[in-house]
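Using the working numbering, read the sequence shown as starting at 661 and increasing by one per residue.
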Amino acid sequence: MVGVLGLLTGWALLMPGILVLWVSIGLPYFRWMSFFLGIAASFPLLALMTIVGVVMIGFSVRSLTSPAD
């Protein structure tokens with residue numbers, strides 16, 4: 661269960677970066693994206709959230725694939 665929550669949290673942390681890519685390649689903009697793009701306006705915060713999201717997904721996948729004791 662903790663691994664699944666880690667995966668979901670990791671994807672949530674990657675959302676600002678994903679939306680920056682979404683808008684930069686010219687896909688349609690929706691009103692609900694403004695909150696996440698506001699976070700992405702701060703480059704250090706965007707970089708931190710992206711790194712933490714990738715690390716969290718990595719640890720979650722590792723915990724889900726390891727055999728249970």
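Just so it is clear, CB atoms sit at the ideal spot from N, CA and C, and this is done for glycine as well.
query = By Cβ distance, which residues of its chain are closer than 6 Å to THR710, with the 5 residues on each side in sequence left out?
reply = The residues are GLY677.
ask   = Do the CB positions of ALA700 and LEU706 come within less than 8 Å of each other?
value = yes
ask   = So, using beta-carbon positions, are LEU679 and LEU697 closer together than 8 Å?
value = yes
query = According to DSSP, is GLY686 helix, strand or coil?
reply = coil
query = Is SER694 helix, strand or coil by DSSP?
reply = helix
key: Rounded straight-line distance, which links the Cα of ALA672 to that of ARG734   = As displayed, the chain neither begins before 661 nor continues past 729, which places residue 734 out of reach and without an answer.
request  = Could you have a look at PRO704 and say whether DSSP puts it in helix, strand or coil?
outcome  = Taken through DSSP and simplified to helix, strand or coil, PRO704 comes out as helix.
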